[in-house]
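Data first, discussion second: the structure below is written as structure tokens.
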Amino acid sequence: MKKIIVANWKMNGSSESTKKWAQDFMLLIPEVPYGVEAVACPPAPLIPLLNYLMDSSEVKLGAQDCHAKPEGAFTGETSAELLKDIGCGYVIVGHSERRTYNSESNEIVSAKASSAIKSGLIPIICIGETKEQRDRGDTIKVINQQIDESLPKEAGIGNFILAYEPVWAIGSGNLPTMDEIKQVHDAIIARVSKSIAIETSKVYVLYGGSVKADNAGEILALSNVSGVLVGGASLNGQDFCKIILSAVS
Ligand code: PEP
84 MKKIIVANWK
94 MNGSSESTKK
104 WAQDFMLLIP
114 EVPYGVEAVA
124 CPPAPLIPLL
134 NYLMDSSEVK
144 LGAQDCHAKP
154 EGAFTGETSA
164 ELLKDIGCGY
174 VIVGHSERRT
184 YNSESNEIVS
194 AKASSAIKSG
204 LIPIICIGET
214 KEQRDRGDTI
224 KVINQQIDES
234 LPKEAGIGNF
244 ILAYEPVWAI
254 GSGNLPTMDE
264 IKQVHDAIIA
274 RVSKSIAIET
284 SKVYVLYGGS
294 VKADNAGEIL
304 ALSNVSGVLV
314 GGASLNGQDF
324 CKIILSAVS
């Protein structure tokens, strides 16, 4: 199975920085290594530019969010159908920043993931516990509830990915231990496999939260980690390339 390495630029970047990112990427990784799926999720207005600049590369494009409806009077929103139309293959849904700042519930996340699947996009469905929930010993309980309520009924083999992102690890420089990541991923895989009746080997779970070039190799070496979702360290094309290369070294 390929390791999936996803860049989430969040609300960062410009046309200038996108050109530099693409240039650095193409210089360091003219061909995405065998066994790796590289995905870049810039802010939506930069997707067409990045698509154009990376035309000769195998890097896939993704967005950071979508609306649950295919079209309509939803000013300022972007549908999964349009994202597919402009060249995306993936869309992140339920990132903890959207759950927090945009009050996105599991129900909304599920509706967005459903719309993504129906449009032919692979949703990257984010789940993860806060520091308080972790300190109370509620990590698995929280994660199970997020899985049960965020997975849409269309979820099946190969049409969705989960990303385990402990909220306290995002942008903080603090990471769970490798054993903790392994344990939570095992719990996620078991829950998903049971709830939608698919083999455990067909459940893809990325890890996200303070992944950098110097820790990515160790995380990616864990057998139940299908890849990584990278925020801050993906803004620099060279650093993101180092993370990609650590998946195959
Ligand atoms: C993220 O935005 O999904 C993320 C994991 O951020 P960071 O890598 O900066 O912790």
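Residue numbers (the numbering used here): 84 to 332.
Each residue gets a CB set at the ideal place from its N, CA and C atoms; glycine is no exception.
Closest in C-alpha terms to N242, from the list V286, Q321, P126, Q106, comes V286.
Taking 8 Å as the cut-off, the beta carbon of A163 is found no closer than this to the beta carbon of V142. In terms of Cβ geometry, I87 and G314 do not form a close pair [threshold 8 Å].
With a threshold of 7 Å, the Cβ atom of N91 counts as near ligand 1, since some heavy atom of the ligand is closer than that. A Cβ-Cβ distance of about 7 Å is found for the pair I264 and V308, placing them in contact under the 8 Å criterion.
When distances are taken from the beta-carbon of G254 to the heavy atoms of ligand 1, the shortest one is below 7 Å. Judged by beta-carbon spacing, A105 lies within the 8 Å limit of L136, meaning their Cβ atoms are closer than that value. Residue burial is scored here from C-beta neighbours: F108 has at least 16 other C-beta atoms within 10 angstroms and is therefore classed as buried. Taking non-hydrogen atoms of ligand 1 into account, the C-beta of L289 is found less than 7 Å away from none of them. Scanning E154, G118, S255, Y117 for the CA closest to the CA of T213 turns up S255.
Ranked by Cα distance from A146, the options G118, H178, F157, K152 are led by H178.
By the Cβ criterion, the stretch 267-283 is not in contact with the stretch 292-299, since fewer than three pairs of Cβ atoms, one from each stretch, lie closer than 8 Å.
Every alpha helix (DSSP H) stretch that sits fully inside the stretch 260-328 and reaches 4 residues is listed by chain position as 261-279, 299-303.
Residue environment: L133 is assigned as buried (16 or more neighbouring CB atoms within 10 Å of its CB, all protein chains considered). When distances are taken from the beta-carbon of L312 to the heavy atoms of ligand 1, the shortest one is below 7 Å. Spatial neighbours of V119 in its own chain (CB-CB distance under 7 Å, excluding positions within 5 residues in sequence) are listed in chain order as K85, K86, I88, I327, A330, V331. In this structure, DSSP gives E120 an extended state, which the three-state scheme calls strand. Scanning the stretch 207-249 from its first residue to its last, the whole alpha helix (DSSP H) runs of 4-plus residues come out as 214-218, 222-233. According to the DSSP assignment, K102 belongs to the alpha helix (DSSP H) that extends over 98-111. Under the three-state reduction of DSSP output, L136 falls in the helix class.
Annotation note: the stretch 166-193 contains the following uninterrupted beta strand (DSSP E) runs of length 3 or greater, listed N- to C-terminal: 171-176.
S162 sits in a strand when the DSSP states are folded into three classes. Out of N185, K195, W251, the CA that lies nearest to the CA of E215 is found in W251.
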